[in-house]
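Q:
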Amino acid sequence: MPKISKRGQKRQSSKPEMKYLRTYIYVRLSERDGGHGRRDSIYIQKQICEDYAKKHPEMLVVKVYADNGVTGTTFQRDAFEELMEDVANKKVDCIIVKDFARFGRDALDAVDLIDVIFPTLNIRFISVMDEYDSANPACVENRTPNILKHFMNDYYAREVSEKLVQAHRLSRERGEFWGSRPPYGYQRAEENSKKLVPEPEESEIIRQIFYWYVFEEMSSYDIARELNGRKVLGPEDSYQKRKQGKVPEKRRLWRSDGIRKILQNPVYIGAAVYGKTKQMLAQNIPLQMIPKEQWEVCENAWEAVVERAIYEEAQKIAKERWKDTLDNWAANPKEKQGADGPFKGRIFCGHCGKRLGRSRSGGNKKHKYMVYKCPSFSLTDHTECFRTVNEIYINQAVKAALRYQIRLAVESKKTYGAEFYQKLEQEVAEKVKSARQKYEKYGRKLETLFEHYATGLLDCKEYQEIKSTYQEEQQAARQNMKQIQLRGQHLLDQVKARMDWTEELLKYQRFQKIEKGIADRFIEKITVYSKDYVEIVFWFGDLFEKELEKELANMEGGLPYAV
Numbered sequence: 001m002p003k004i005s006k007r008g009q010k011r012q013s014s015k016p017e018m019k020y021l022r023t024y025i026y027v028r029l030s031e032r033d034g035g036h037g038r039r040d041s042i043y044i045q046k047q048i049c050e051d052y053a054k055k056h057p058e059m060l061v062v063k064v065y066a067d068n069g070v071t072g073t074t075f076q077r078d079a080f081e082e083l084m085e086d087v088a089n090k091k092v093d094c095i096i097v098k099d100f101a102r103f104g105r106d107a108l109d110a111v112d113l114i115d116v117i118f119p120t121l122n123i124r125f126i127s128v129m130d131e132y133d134s135a136n137p138a139c140v141e142n143r144t145p146n147i148l149k150h151f152m153n154d155y156y157a158r159e160v161s162e163k164l165v166q167a168h169r170l171s172r173e174r175g176e177f178w179g180s181r182p183p184y185g186y187q188r189a190e191e192n193s194k195k196l197v198p199e200p201e202e203s204e205i206i207r208q209i210f211y212w213y214v215f216e217e218m219s220s221y222d223i224a225r226e227l228n229g230r231k232v233l234g235p236e237d238s239y240q241k242r243k244q245g246k247v248p249e250k251r252r253l254w255r256s257d258g259i260r261k262i263l264q265n266p267v268y269i270g271a272a273v274y275g276k277t278k279q280m281l282a283q284n285i286p287l288q289m290i291p292k293e294q295w296e297v298c299e300n301a302w303e304a305v306v307e308r309a310i311y312e313e314a315q316k317i318a319k320e321r322w323k324d325t326l327d328n329w330a331a332n333p334k335e336k337q338g339a340d341g342p343f344k345g346r347i348f349c350g351h352c353g354k355r356l357g358r359s360r361s362g363g364n365k366k367h368k369y370m371v372y373k374c375p376s377f378s379l380t381d382h383t384e385c386f387r388t389v390n391e392i393y394i395n396q397a398v399k400a401a402l403r404y405q406i407r408l409a410v411e412s413k414k415t416y417g418a419e420f421y422q423k424l425e426q427e428v429a430e431k432v433k434s435a436r437q438k439y440e441k442y443g444r445k446l447e448t449l450f451e452h453y454a455t456g457l458l459d460c461k462e463y464q465e466i467k468s469t470y471q472e473e474q475q476a477a478r479q480n481m482k483q484i485q486l487r488g489q490h491l492l493d494q495v496k497a498r499m500d501w502t503e504e505l506l507k508y509q510r511f512q513k514i515e516k517g518i519a520d521r522f523i524e525k526i527t528v529y530s531k532d533y534v535e536i537v538f539w540f541g542d543l544f545e546k547e548l549e550k551e552l553a554n555m556e557g558g559l560p561y562a563v
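Heads up, the final residue of the sequence shown is numbered 563 in UniProt numbering, and it's a clean run with no missing numbers.
As structure tokens, then:
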């Protein structure tokens with residue numbers, strides 16, 4: 001490799017360093033994101049924006065703002081307002097979103113921000129999927145028309161929504177069925193898929209359910225247990241058998257709530273019911289449940305499988321039984337409390353996975369206590385599942401687990417306090433700076449290399465060989481810099497989360513019993529296998545276990561990776 005003059009190097013080193021853009025990512029989802037699978041999930045949006053930033057070394061991602069479960073028709077969103085506060089404080093050089101719709105669905109307000117305010121503040125705005133970059137002259141030339149063009153998609157969606165509403169209105173007048181799957185007891189007519197006809201075997205089960213309820217005064221629980229005892233396929237399994245020709249290996253049980261839905265459904269007297277839910281993009285109305293009194297009912301839409309008199313008697317009986325239940329709760333408030341409890345909605349059977357029910361034991365009044373029951377056992381005598389578990393054992397397990405976590409939090413605060421976080425933050429910044437300097441060094445080398453080629457110090461072949469080597473090393477340095485940024489920020493986030501949960505746990509050092517507020521705050525899920533084996537999952541996961549300690553313990557002079 002030819003020797004390069006020091007004179008050229010010295011001259012080159014005086015050039016200014018690359019200016020980095022303080023980049024902020026904004027993501028939004030209208031409905032709560034419960035997983036990483038959906039196309040527009042918070043996770044996917046974040047990945048798309050971060051991948052874009054990785055391809056542009058001048059972009060330094062400072063923070064990701066996320067509004068989860070917030071409509072885009074308004075700018076009154078917590079994370080968005082925080083971002084705008086950073087914009088006002090001149091902390092932002094660049095904003096990246098997945099697409100314009102994630103930024104907002106109000107075209108005029110969005111255009112005002114993107115076309116007027118951001119350019120005035122010299123803020124670069126990027127919409128990845130729309131291929132819009134305000135730094136691109138082609139985008140700037142017709143900025144407003146380009147932005148409005150993308151918002152037209154939302155307009156067309158609303159137009160389609162309005163037409164669908166009109167189509168459904170006509171369908172209701174004709175008594176057509178538009179559901180994805182016929183209700184249990186019916187099947188689609190061969191000559192018209194929008195019409196329903198009784199399914200012979202299932203409709204007979206429906207009639208039997210109404211007969212038991214009205215004439216034999218069986219409860220919905222008793223009916224479910226009877227059907228399970230007779231091994232009658234439930235609605236989902238019966239439909240799967242008809243579609244696929246085989247019974248699923250793991251059958252779904254009949255449950256009392258499913259029986260109640262059948263008894264209350266007017267479809268079995270031939271009535272088509274519409275308008276149970278409502279969603280109109282044309283008027284910015286999200287999906288919402290409609291009260292039963294406002295449902296639209298079309299009588300005689302198809303053949304009934306239950307006589308109207310029997311159906312109406314079933315409704316009368318259901319109202320009377322519900323009134324008796326309310327009267328009993330009014331006279332005995334503790335009976336109503338028994339159905340709730342601190343773990344309601346978050347406690348499950350470890351064998352079948354069903355949610356456990358809570359009730360009072362059947363002992364004498366002086367010695368009654370609360371128990372959790374597995375519905376699979378009570379509905380089928382399922383041998384693997386337990387009949388009941390005394391709530392005392394659940395409380396003991398939760399208390400012990402929570403007190404253990406509080407002890408860990410006490411120890412954690414001694415090590416991971418504000419001073420530790422500040423030192424770690426400084427160390428991360430130093431590592432990032434060192435990695436950035438190494439990356440920029442190759443940029444200067446490439447510029448110097450070109451000068452030597454231009455002045456004849458290097459021939460074309462030598463220049464290309466050295467250039468290729470420098471570019472490979474520059475790419476590796478860039479990847480290392482990005483990795484340090486991401487992993488360093490991840491570590492800081494973990495420590496900050498640990499500090500926040502530590503402070504929250506320390507508020508409950510003197511708790512005596514598990515109340516609903518404590519359970520809601522800390523417990524994600526409880527799985528019960530027996531009175532001696534209970535699994536508890538906390539919302540803060542393994543923050544107080546060994547993973548974070550290992551990551552920090554492996555640090556050599558700082559972060560667990562080399563620069």
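All C-beta atoms, glycine included, are put in the ideal place defined by N, C-alpha and C.
(1) Taking DSSP's pairing of strands, which residues face D133 in a bridge?
(2) Which ranges would you report for the alpha helix (DSSP H) in the UniProt domain "Recombinase" (183-324) if only whole runs of at least 4 residues count?
(3) Spatial neighbours of R207 within its chain, please: C-beta separation below 7 Å, excluding the five flanking residues on both sides.
(4) Tell me which same chain residues have a C-beta within less than 7 Å of the C-beta of K241, skipping the five on either side of it?
(5) What residues match up with F118 in a beta bridge as DSSP calls it?
(6) May I ask you to report which of helix, strand or coil DSSP gives S376?
(7) Strictly by DSSP, which residues pair up with D67?
(8) Is it true that the segment 386-400 meets the segment 475-484, where meeting means three or more beta-carbon pairs spaced less than 8 Å apart?
(9) Report the residue from Q315, S376 and Q405 whose alpha carbon sits nearest the alpha carbon of K250.
(10) Assuming contact is defined by CB atoms lying nearer than 8 Å, are R346 and I523 in contact in what I supplied?
(11) At the level of alpha carbons, what is the spacing between G417 and M499?
(12) May I have a chain-ordered list of the alpha helix (DSSP H) segments no shorter than 4 residues that lie completely inside the segment 476-528?
(13) Just the C-alpha distance for N300 and E226, rounded to the nearest angstrom, thanks.
(14) Might you give, ordered along the chain, the residues of its own chain that have their beta carbon closer than 7 Å to the beta carbon of K98, omitting 5 neighbours on each side?
(15) Helix, strand or coil: which one does DSSP assign to Y533?
(16) Please name the residue, chosen from Y20, Q187, A314 and Y274, that lies closest to V297 on a Cα-to-Cα basis.
(17) Helix, strand or coil: how does DSSP classify L446 here?
(18) Put T455 into one of helix, strand or coil per three-state DSSP.
(19) Look at the alpha carbon of V92 and the alpha carbon of M84, and state the distance between them as a whole number of angstroms.
(20) Can you check whether the C-beta of L170 is within less than 8 Å of a C-beta belonging to chain C?
(21) Under the three-state reduction of DSSP, which class applies to V428: helix, strand or coil?
(22) Under a three-way DSSP split, which group does N390 fall into?
(23) Can you look up R436 in the DSSP assignment and give me helix, strand or coil?
(24) Pair every Cβ in the segment 399-416 with every Cβ in the segment 506-516, then say whether three or more of these pairs are closer than 8 Å.
(25) Go ahead and pull the three-state DSSP assignment for V62.
(26) Given this structure, state the Cα-to-Cα distance separating G357 from I262, to the nearest angstrom.
(27) Counting C-beta neighbours from all protein chains within 10 Å, is the total for Q264 16 or more, i.e. buried, or is it exposed?
(28) Roughly how many angstroms lie between the CA atoms of E293 and G270, to the nearest whole one?
(29) Taking only the alpha-carbon atoms, compute the straight-line gap between N68 and E216 and give it to the nearest angstrom.
(30) Using 10 angstroms around the beta-carbon of W501, count the other beta-carbons present and answer buried if the total reaches 16, otherwise exposed.
(31) Is I536 close to the ligand MG? I mean its beta-carbon at under 7 Å from any heavy atom of the ligand.
(32) Return the first residue and the last residue of the alpha helix (DSSP H) that V87 is part of.
(33) In chain order, what residues of the same chain have a beta carbon less than 7 Å from the beta carbon of Y508, not counting five sequence neighbours either side?
(34) Mind checking K482: buried by the 16 CB within 10 Å criterion, or exposed?
(35) Out of Y43, F80, S41 and K55, which one is the CA nearest neighbour of Y24?
(36) Looking at C-alpha atoms only, which residue of A189, P183, R188 and S361 is the closest neighbour of I205?
A: Walking through what the data contain:
(1) For the purposes of this step, residue 133 is taken as residue 133 along the sequence shown, with counting starting at 1. Note: D133 sits in a beta bridge opposite I126.
(2) Correct list: 200-215, 220-229, 235-244 and 256-264.
(3) Within the sequence shown, the letter at position 207 stands for residue 207. Hits under 7 Å: V305 and V306.
(4) In the sequence shown, residue 241 corresponds to position 241, counting from 1. The answer, listed in chain order, is L233 and V247.
(5) Mapped onto the sequence shown, residue 118 falls at position 118. Bridge pairing for F118: absent [DSSP].
(6) Within the sequence shown, residue 376 is the residue found at index 376, counting from 1. Residue state, collapsed to three classes: helix.
(7) Taking the first residue of the sequence shown as 1, we reach residue 67 at position 67. Bridge partners of D67: R28.
(8) Not touching, per the Cβ criterion.
(9) In the sequence shown, the residue the question calls residue 250 occupies position 250. The shortest CA-to-CA distance from K250 to any of Q315, S376 and Q405 is the one to S376.
(10) For the purposes of this step, residue 346 is taken as residue 346 along the sequence shown, with counting starting at 1. For the purposes of this step, residue 523 is taken as residue 523 along the sequence shown, with counting starting at 1. Cβ atoms of R346 and I523: closer than 8 Å.
(11) Taking the sequence shown and counting its residues from 1, one reaches residue 417 at position 417. Taking the sequence shown and counting its residues from 1, one reaches residue 499 at position 499. When only Cα atoms are considered, G417 and M499 end up about 7 Å apart.
(12) As far as the segment 476-528 is concerned, its whole alpha helix (DSSP H) runs of at least 4 residues are 516-522.
(13) The sequence position of residue 300 within the sequence shown is 300, counting from 1. The sequence position of residue 226 within the sequence shown is 226, counting from 1. Between the C-alpha atoms of N300 and E226 there is a straight-line separation of about 31 Å.
(14) Residue 98 sits at position 98 when you count from the first residue of the sequence shown. Once the five neighbours on either side are set aside, the close Cβ partners of K98 are V27, Q45, I48, C49, V128 and M129.
(15) As a first step, residue 533 must be located in the sequence shown, where it is residue number 533. Here Y533 sits in strand by DSSP.
(16) On the sequence shown, position 297 is the one that residue 297 refers to. V297 has its Cα closest to that of Y274, out of Y20, Q187, A314 and Y274.
(17) Looking up residue 446 in the sequence shown gives position 446. The answer is helix: DSSP assigns L446 an H, G or I state.
(18) Stepping through the sequence shown from its first residue, residue 455 is reached at position 455. Annotated three-state conformation of T455 is coil, per DSSP.
(19) For this step, residue 92 is matched to residue 92 along the sequence shown. For this step, residue 84 is matched to residue 84 along the sequence shown. Here the C-alpha atom of V92 lies approximately 9 Å from the C-alpha atom of M84.
(20) The structure shown contains no chain C; it holds only a single protein chain.
(21) Mapped onto the sequence shown, residue 428 falls at position 428. Taken through DSSP and simplified to helix, strand or coil, V428 comes out as helix.
(22) What you label residue 390 is simply residue 390 of the sequence shown in a count that begins at 1. It is a strand residue.
(23) Looking up residue 436 in the sequence shown gives position 436. Note: R436 maps to helix in three-state DSSP.
(24) Judged by Cβ distances under 8 Å, the segment 399-416 makes contact with the segment 506-516, as three or more pairs qualify.
(25) Walking along the sequence shown from the start, residue 62 turns up at place 62. Three-state DSSP puts V62 in a strand.
(26) As a first step, residue 357 is located in the sequence shown; it is residue number 357 there, counting from the start. As a first step, residue 262 is located in the sequence shown; it is residue number 262 there, counting from the start. Rounded to the nearest angstrom, the two C-alpha atoms are 21 Å apart.
(27) In the sequence shown, counting from the first residue as 1, residue 264 sits at position 264. Q264 is exposed by the Cβ-count criterion.
(28) Against the sequence shown, residue 293 aligns to sequence position 293. Against the sequence shown, residue 270 aligns to sequence position 270. CA-to-CA, the gap between E293 and G270 works out to about 18 Å.
(29) As a working note, residue 68 is residue 68 in the sequence shown. As a working note, residue 216 is residue 216 in the sequence shown. Their backbone Cα atoms lie some 50 Å apart in a straight line.
(30) Translated into positions along the sequence shown, residue 501 becomes position 501. In the assembly as shown, W501 is a buried residue. Its beta-carbon has 16 or more other beta-carbons within 10 Å.
(31) The model on display carries no ligand, and the ligand MG is accordingly not part of it.
(32) Residue 87 sits at position 87 when you count from the first residue of the sequence shown. Counting along the chain, the alpha helix (DSSP H) containing V87 begins and ends at D78 to A88.
(33) The residue given as residue 508 occupies position 508 in the sequence shown. I406 and I518, listed in sequence order.
(34) What you label residue 482 is simply residue 482 of the sequence shown in a count that begins at 1. With a 10 Å radius around the Cβ and a threshold of 16 neighbouring Cβ atoms, K482 comes out buried.
(35) Position 24 of the sequence shown, counted from the first residue, corresponds to residue 24. A check of alpha carbon separations from Y24 across Y43, F80, S41 and K55 identifies F80 as the nearest.
(36) Locating residue 205 in the sequence shown gives position 205, counting from the first residue. The shortest Cα separation from I205 among A189, P183, R188 and S361 belongs to P183.
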